[in-house]
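Novice: Note that the working numbering has the sequence shown beginning at 1167, numbered continuously upward.
Note that beta-carbon positions come from the ideal geometry of N, C-alpha and C, so glycine has one too.
Have a look at the structure that comes next, please.
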Amino acid sequence: MKLIRNILLIATGLSMASCNYLDVNTDTKDRMSLEEVFTDETYTEQWLANAYSYLTNSEFADISITGSNPFNFSDDIYNPIYKSFKEVTYGEEQWPYTWKYSYQGIRQAAIFIQNVDMCNELTSEERADYKAQARFVRAYYYWKLLQKYGPVPIVPEEGQDYTDSYEALSIPRNTYDECADYIASEMALAAKDLPLKRELMSVSRPTRGAALAVRAKALLYAASPLMNGNTDGYAEKLVDDKGNRLLAAAYDEKKWARAAAAAKDVIDLKAYNLYVAYKRTEGFDGYPVTLPPYDDGNFSTKSWPNGYKDIDPFESYRSVFNGELSTVENPELIFTRGNNQGSYGVNYMVFYQLPVSKAKGNNTTCVTQKQCDAYYMKDGKDIPGKDIEIGRGDGSSQRVTGFVTASDVSKGLYKPLEENVSLQYANREPRFYASVAYNGVTWWLTNATQSSDRGPYRSWYYRGETEGMSNSLNWLQTGIGLMKYVRPTDTNDDKNINGEFSHISKKADPLIRYADILLMYAEVLNELGNSKCYEYINMVRERAGLEPLQTMSKDAFREHLMLERAWELCFEGDRKFDLLRWGVYCTRTPEWNPQVKGNIQEGKHEFWPIPKSQRDVNVNLTQNPGW
């Protein structure tokens, strides 16, 4: 029997709602046989915990603004901490651990799948669930690799000793389609034995919906322009060790059909819904009276789900992210790591959002001017002057000038804006106010330790102000901050008393949520020429208090879909990957971020470089083009 050395590594940072993925005991013997491990219930569960544990590493964080994950953001967020990523000056060895940890997790999960049936101390139902979890997590590691690096080696399941290291296997890269198909098939198999729901203590473990949702995303990416019918120079150079192309040159419409069916499978579970908060006529600190959406004379007169008459679009959107709802109460969350986010999770993100004064935050996470301008007016039209910046239209319209006056406030105009706020921020759609900390925004800080620090507190980002450039480190370089994920009770003022972030409420990271699935389904239906695409994009728009889209060309719908994803899923770690799969990342990003001009290169920055340290140990690995 092959001996396994150090099989049970401590899984740090796995705490979730007072429960770990699976508790890990660090007192396990240094050397045990597979039979000794998998005939014992405790050791078997610990092995599964270790397979999960790599997900707590910061490189797998989809939300946190620091650590080693900022490549998830593109033209939506800026923070000087990840300057090299934002300005595209990183090198191939800068963050090598995603690859390493993914294959370590894959190996641990594979050994578990092969051996868990030896554990007769578990019931057959428990073994099936655990095996499905391991199958999910193995495929999920492959999914994260595929997103970042493009096609990767798939370790054979048959005729291979999984106790051998990945390095010893020296496996060449599979094609993109092979990787996507493998992920999709594994997730489908996992879904068969995963439950539809989890209880609070197990909320971070995958469900049937989570497996089907990852399956849908993998197939969507495979159908997208970068991977489907790509004949450009980059695709020609992306080859395996034998010179075979890794991206399909021939366009295949059936890929869109497969992605559509996969997304519909998630919808047909009927396990998820868009969250809505209902209209309120009385408010209190941090929870204002509902701001009425645009009165279109139609949908504004109908109750949800046929319109937005009786709902609060602002609170509906805000509560999905800021911890107002627990993970089990949130009908929109399909997959989340809960609080299993290691050192860099959503709470760390909030710390970087909060102002320096009163809240004791870091005050460095910025919203780009592009993202700020992308949000519609509440009537669904572009903001005046937007066409100047993006080159759309004839450039005839000009930005709104002037500021909110005391008289405006007394008349109830421009809510929620207060006096002296720029009118550029007036009359915007509700998601804007739930996501963007504009100059003069109100922070509530209702849970501050000292009464003098409690809100309402207004932040000004002008030069010389407390949150402005007078502070050499903690200021917003775009002049626009981030409000999403912040709850009115959040403050960091108590960190020196009860520990850092003790007054920042726990939040689940929305790795996959229902609005994403609806927009995915709308996208693939449009590519297939199916008019039902309007039904699904309009669900998302109406929850946001916007009029539904009306019939337009396929190309026009595609542009609207791209924009809708930009603000509905803003700051959730999808933006860069969306731009990449659409094949526009290298061309669109420099239009909005002058700092990347001259750095970002088509034919190079479509995928991350495979670390040299990995290519040295796997001689059959080819590097991505341009590196």
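Which class does Gly-1647 belong to by DSSP, given the choice of helix, strand or coil?
Specialist: Strand at Gly-1647.
Novice: Would you list the one or two residues that DSSP bridges to Ala-1414?
Specialist: Asn-1394, per the DSSP bridge assignment.
Novice: Are Tyr-1474 and Phe-1465 closer than 9 Å when you measure CB to CB?
Specialist: Yes, the pair counts as a contact, with Cβ atoms nearer than the cut-off.
Novice: Take every Cβ of the stretch 1258-1278, pair it with every Cβ of the stretch 1292-1306, and state whether three or more of those distances are shorter than 8 Å.
Specialist: Touching, yes.
Novice: Looking at Arg-1304 and the ligand SAH, is the gap between the Cβ and the nearest heavy atom below 8 Å?
Specialist: The ligand SAH is not among the ligands present in this structure, which contains no ligands whatsoever.
Novice: Which term fits Gly-1527, buried or exposed, when burial requires 16 or more other beta carbons within 10 angstroms of its beta carbon?
Specialist: That one is buried.
Novice: Around the Cβ of Tyr-1444, are there at least 16 other Cβ atoms within 10 angstroms (buried) or fewer (exposed)?
Specialist: With fewer than 16 Cβ atoms within 10 Å of its Cβ, Tyr-1444 is classed as exposed.
Novice: Starting from Phe-1204, follow the beta strand (DSSP E) in both directions and report where the run begins and ends.
Specialist: Premise fails: Phe-1204 lies in the alpha helix (DSSP H), 1200-1204, not in any beta strand (DSSP E).
Novice: Where Val-1533 and Asn-1696 are concerned, what is the direct C-alpha to C-alpha distance, given to the nearest angstrom?
Specialist: Approximately 35 Å between the Cα atoms of the pair.
Novice: Could you spell out where the beta strand (DSSP E) holding Ile-1500 opens and where it closes?
Specialist: That run of the beta strand (DSSP E) goes 1499-1501.
Novice: Less than 8 Å between the CB atoms is what I'm expecting for Asn-1790 and Thr-1255, so what's the real figure, rounded?
Specialist: So it is not a contact: roughly 17 Å between Cβ atoms.
Novice: Does DSSP put Thr-1210 in a helix, a strand or coil?
Specialist: Residue state, collapsed to three classes: helix.
Novice: Between the Cα of Thr-1755 and the Cα atoms of Pro-1372, Leu-1214 and Ser-1240, which residue gives the shortest distance?
Specialist: Measuring from the Cα of Thr-1755, the nearest candidate turns out to be Ser-1240.
Novice: For the alpha helix (DSSP H) containing Ile-1272, list its first residue and its last residue.
Specialist: It spans 1263-1281 - the alpha helix (DSSP H) in which Ile-1272 sits, taken as one unbroken run.
Novice: With 16 as the cutoff for other CB atoms within 10 Å, does Arg-1747 come out buried or exposed?
Specialist: Its Cβ being crowded by 16 or more others within 10 Å, Arg-1747 is buried.
Novice: Please return the same chain residues whose Cβ sits closer than 6 Å to the Cβ of Gln-1519, not counting the five positions on each side in sequence.
Specialist: Contacts found: Thr-1531, Leu-1648 and Val-1652.
Novice: CA-CA distance, Glu-1689 and Gly-1749?
Specialist: Rounded to whole angstroms, Glu-1689 to Gly-1749 spans 15 Å at the Cα level.
Novice: Rounded to whole angstroms, what's the CA-CA distance from Asp-1398 to Asn-1513? Just pull it up for me.
Specialist: Those two C-alpha atoms are separated by around 41 Å.
Novice: Since I believe Tyr-1623 is in contact with Gly-1836 (beta carbons under 8 Å), could you give me their beta-carbon distance rounded to a whole number of angstroms?
Specialist: There is simply no residue 1836 to check, as the chain begins at 1167 and stops at 1793 in what is shown.
Novice: My guess is that Trp-1422 and Val-1442 are in contact by the Cβ rule of under 8 Å, so how many angstroms apart are they, rounded?
Specialist: Rounded, the Cβ-Cβ distance is 30 Å, inconsistent with contact.
Novice: Relative to the alpha-carbon of Tyr-1267, which residue among Phe-1226, Glu-1259 and Tyr-1751 has its alpha-carbon at the smallest distance?
Specialist: For the residues Phe-1226, Glu-1259 and Tyr-1751, the minimum Cα distance to Tyr-1267 belongs to Phe-1226.
Novice: Give me the Cα-Cα distance between Thr-1823 and Ser-1576, rounded to the nearest whole angstrom.
Specialist: Lying before the first or after the last residue shown, residue 1823 is absent from the chain, which here runs from 1167 to 1793.
Novice: Whose C-beta lies closer than 6 Å to the C-beta of Ala-1350 among residues of the same chain, with five residues either side of it excluded?
Specialist: Answer for Ala-1350: Arg-1381, Ala-1384 and Leu-1385, listed in chain order.
Novice: Report the CB separation of Ala-1401 from Ala-1389 in whole angstroms; it is logged as a contact under 8 Å.
Specialist: Actually they are not in contact, since the Cβ atoms of Ala-1401 and Ala-1389 sit about 15 Å apart, beyond 8 Å.
Novice: Give me whichever residues DSSP pairs with Phe-1450 in a beta bridge.
Specialist: According to DSSP, which records beta bridges pairwise, Phe-1450 is partnered with Tyr-1453.
Novice: If Glu-1805 sits next to Tyr-1680, beta carbons under 8 Å apart, how far is it from one beta carbon to the other, in whole angstroms?
Specialist: Residue numbering for the chain in the displayed model covers 1167 to 1793; residue 1805 lies beyond these limits and cannot be assessed.
Novice: Which same chain residues end up closer than 7 Å to Ala-1217 when comparing Cβ atoms and leaving out the 5 residues on each side of it in sequence?
Specialist: Counting only Cβ-Cβ distances below 7 Å, and skipping sequence neighbours, we find Gly-1271, Gln-1274, Ala-1275, Phe-1278, Ala-1300 and Val-1303.
Novice: Select from Glu-1708, Leu-1694, Lys-1672 and Pro-1676 the residue whose C-alpha is nearest the C-alpha of Gly-1739.
Specialist: Closest option to Gly-1739, Cα to Cα, is Pro-1676.
Novice: For the stretch 1713-1731 against the stretch 1480-1493, are there 3 or more C-beta pairs whose distance is under 8 Å?
Specialist: Counting Cβ pairs under 8 Å, fewer than three are found: no touch.
Novice: Using the three-state DSSP reduction, which class does Arg-1679 fall into: helix, strand or coil?
Specialist: In the structure shown, Arg-1679 sits in a strand (DSSP, three-state: E or B).
Novice: When the Cα of Thr-1788 is compared with those of Tyr-1209, Ala-1427 and Pro-1338, which residue comes out closest?
Specialist: The residue with the shortest Cα to Cα distance from Thr-1788 is Pro-1338.
Novice: Could you name the residues of the same chain whose beta carbon sits closer than 8 Å to that of Val-1405, not counting the 5 residues immediately before and after it, in chain order?
Specialist: Excluding sequence neighbours, Val-1405 sits near Arg-1411, Leu-1412 and Thr-1788.
Novice: Here's the rule: buried if 16 or more other CB atoms are within 10 angstroms of the residue's CB, otherwise exposed. What is Pro-1317?
Specialist: Counting Cβ neighbours within 10 Å, Pro-1317 comes out buried, since at least 16 surround it.
Novice: Please confirm whether Asn-1586 and Lys-1544 have their CB atoms less than 9 Å apart.
Specialist: Contact flag unset, no.
Novice: For Thr-1205, which residues in the same chain have their Cβ closer than 8 Å to its Cβ, ignoring the five residues on either side in sequence?
Specialist: Cβ within range, chain order: Met-1284, Cys-1285, Asn-1286 and Glu-1287.
Novice: Cα separation between Ile-1243 and Thr-1341?
Specialist: Cα to Cα, Ile-1243 sits roughly 32 Å from Thr-1341.
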